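For reference, the structure is listed below as structure tokens.
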Amino acid sequence: PGMTYGDHVDDPVMGPMTGRYRSDVSTTVFLNAPEDYEGGELVIRTSYGETRFKGEAGSAVVYPSHSLHRVDPVTRGERLVAVTWTQSMVRDAARRELLFELSEAREALLERAPTDPVTAKVSHSYVNLLRMWAEL
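Counted the way my numbering counts, the sequence shown spans residues 856 to 991.
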């Protein structure tokens, strides 16, 4: 009981001095069942408001590292999670979101209309935007 983290954003650079990386995407993996503790919700603020997460053991929440977030106080039991950070090939979160949405549209078109010229145009746009924005 008592474990909490106040509102914060994750550090922009992570890792030891010999292996530093930019933290673009944060991941919280829930390691125990939500009934094992009370409170302890991961709360992420977005332009749409607050979203609360208290996942099943083995589930994960993936969110932009620049998101303001907190962990509400644990009032009973023990909250066990693992957290990690990932550097994306695409630095800008807005570009990542655009690519994600375009990728979903591309996959749907490839399934429904694989030979349609529109499918080829969407695929072409996705691939070339990724080529323009990826940093390796």
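Even glycine gets a Cβ: it sits at the ideal position worked out from N, Cα and C.
Keep in mind that this is a model prediction, so the values were computed, not measured.
Alanine 915 sits in a strand when the DSSP states are folded into three classes. Annotation for threonine 941: no alpha helix (DSSP H) segment contains it, though the beta strand (DSSP E) segment containing it runs 936-941.
No Cβ-Cβ contact shorter than 8 Å links threonine 859 with threonine 939. Residue environment for glutamate 896: buried (at least 16 other C-beta atoms within 10 angstroms of its C-beta). A direct Cα-to-Cα measurement between proline 856 and leucine 923 gives close to 23 Å.
With three or more CB-CB distances shorter than 8 Å, the stretch 870-884 counts as touching the stretch 932-948. Closest option to glutamate 952, judged by alpha-carbon separation, among Asp971, Pro972, His979 and Pro919: Pro919.
The straight-line gap separating the alpha-carbon atoms of aspartate 865 and valine 982 is approximately 30 Å. In the DSSP assignment, tyrosine 981 falls outside any beta strand (DSSP E) and lies within the alpha helix (DSSP H) extending over 972-988. Excluding five sequence positions before and after serine 958, the CB atoms of its chain that fall closer than 8 Å to its own CB belong to Tyr981, given in chain order.
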